[in-house]
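Counting in my numbering, the sequence shown runs from -15 upward without gaps. Glycine residues also receive a C-beta, built at the ideal position from the N, C-alpha and C atoms.
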Amino acid sequence: MSTEKPLSRAIHDRRATPSFDGRPIPFKDLRRILDAGLSAPSAYNLQPWRFVVVRTPEQKRRLRSACYNQPKVDEASAVIVACGDADGWRNGDLEEMLRMGRENGMPENYAEQAKAAIPAYLSNHPNIEMWLNRHVMIAFTHMMLMAEVLGYDTAPMEGYEPEKVSEVLKLPLSYVTVALLAIGWGRGADKFSGGRFSFSRTVFGEEYGRPLSDKPGDKADE
Ligand SMILES: Cc1cc2nc3c(=O)[nH]c(=O)nc-3n(C[C@H](O)[C@H](O)[C@H](O)COP(=O)(O)O)c2cc1C
């Protein structure tokens, strides 16, 4: 890939691709896509995401059978299975985050506070799957848009059976699968464009139900 699309164009052009032609993706591009995911922000910089990249025909076939037989799973050049690790912070991520932070100027009082606060927060979290989803989807979106910037087509997927995906990928029990990202070159026509809800239906100013105007405090905001 030589020319990159501006991000605004990638966002504008992106479609969920129904079918891929299967050509392999160069590793350097795949690496850039994954690095974009790893650049995402996370609470306390805990980075609870893990990604399994599936590229071989045999493994794509097995994965497809865990995805209600969706053809794009084995047609895509690569499928990134985006997971969250509920126990990452217990199993070394917290220490690694603090080590890197201290190396890069994290104040000691911040490190001490984080070391105490994170286990207290996460060991009693009321919905750890939701917490993982929140983070993994930001990294997922970074990857999806980086793939589009590099000229690839993508398809996000939630149509899969989590237990079957875990079995095919031999995931540890603490891993939650969040979504799959198929990447490659689209084949054939895009599906119909479903459109998007209007601004006034989905965006509010200051409080629910009030339209957003171009100036805060305008009549439309009152
Ligand atoms: C999290 C997520 C999961 C999705 N899962 C599937 C899926 O399993 N199969 C599928 O064909 N499309 C899936 N889609 C694609 C959506 O149907 C598609 O994004 C939507 O219809 C809007 O179309 P567009 O992305 O082309 O604008 C998924 C999209 C998202 C964001």
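Anticipated Cβ contact below 8 angstroms, residue i with residue j, distance rounded
| i | j | result |
| --- | --- | --- |
| Ala166 | Thr138 | 7 angstroms |
| Ser61 | Ile122 | Between Ile122 and Ser61 the Cβ distance is about 23 angstroms, and since that is not below 8 angstroms, they are no contact. |
| Ile17 | Met84 | Not confirmed; about 22 angstroms, so no contact. |
| Leu47 | Val120 | No, Leu47 and Val120 are not in contact; Cβ-Cβ is about 18 angstroms, not under 8 angstroms. |
| Lys154 | Ala50 | Contact flag wrong, Cβ pair sits at about 12 angstroms. |
| Met141 | Leu164 | 4 angstroms |
Identity of the residue in the options nearest residue i by Cα
| i | options | result |
| --- | --- | --- |
| Ala(-6) | Val149, Ser150, Val133 and Thr1 | Val133 |
| Gln97 | Val152, Leu78, Phe181 and Lys154 | Leu78 |
| His(-4) | Leu129, Gln54, Leu153 and Ser184 | Leu129 |
| Ala0 | Arg180, Phe183, Gly170 and Leu196 | Gly170 |
| Pro156 | Asn29, Tyr136, Lys44 and Gly72 | Gly72 |
| Gly178 | His109, Thr(-13) and Arg(-2) | Arg(-2) |
| Ser26 | Pro(-10), Ser3 and Ile102 | Ile102 |
CA-to-CA distance, residue j to residue i, given in whole angstroms
| i | j | result |
| --- | --- | --- |
| Phe35 | Asp202 | 46 angstroms |
| Glu87 | Tyr144 | 40 angstroms |
| Ala70 | Ala173 | 39 angstroms |
| Ser150 | Ala66 | 11 angstroms |
| Met(-15) | Phe176 | Because Met(-15) carries a pLDDT of 48, less than 50, the predicted location of this residue cannot be relied on, and no value is offered for it. |
| Val38 | Gly68 | 17 angstroms |
| Thr271 | Thr161 | Beyond the ends of the chain as shown, which are -15 and 206, falls residue 271; an answer cannot be given. |
| Lys199 | Gly189 | 10 angstroms |
| Met114 | Leu22 | 19 angstroms |
| Ser107 | Asp5 | 45 angstroms |
| Ser197 | Arg185 | 14 angstroms |
| Asn93 | Val187 | 39 angstroms |
| Gly76 | Ser158 | 14 angstroms |
| Asp205 | Pro195 | Any answer about Asp205 is weak, because its pLDDT of 47 lies below 50 and its placement is not dependable; what the coordinates show is given next. Roughly 6 angstroms between the two C-alpha positions. |
| Tyr136 | Gln43 | 21 angstroms |
| Ala104 | Ala95 | 14 angstroms |
| Lys14 | Pro146 | The sequence given here has Leu at residue 14, not Lys. Whole-angstrom Cα-Cα distance: 24 angstroms. |
Chain C contact for residue i (CB, 7 angstroms cutoff)
| i | result |
| --- | --- |
| Ala70 | Among the protein chains of the structure shown there is no chain C, as only one such chain exists. |
Sub-7 angstroms separation of residue i and residue j beta-carbons
| i | j | result |
| --- | --- | --- |
| Met81 | Asn29 | yes |
| Ser(-8) | Glu59 | no |
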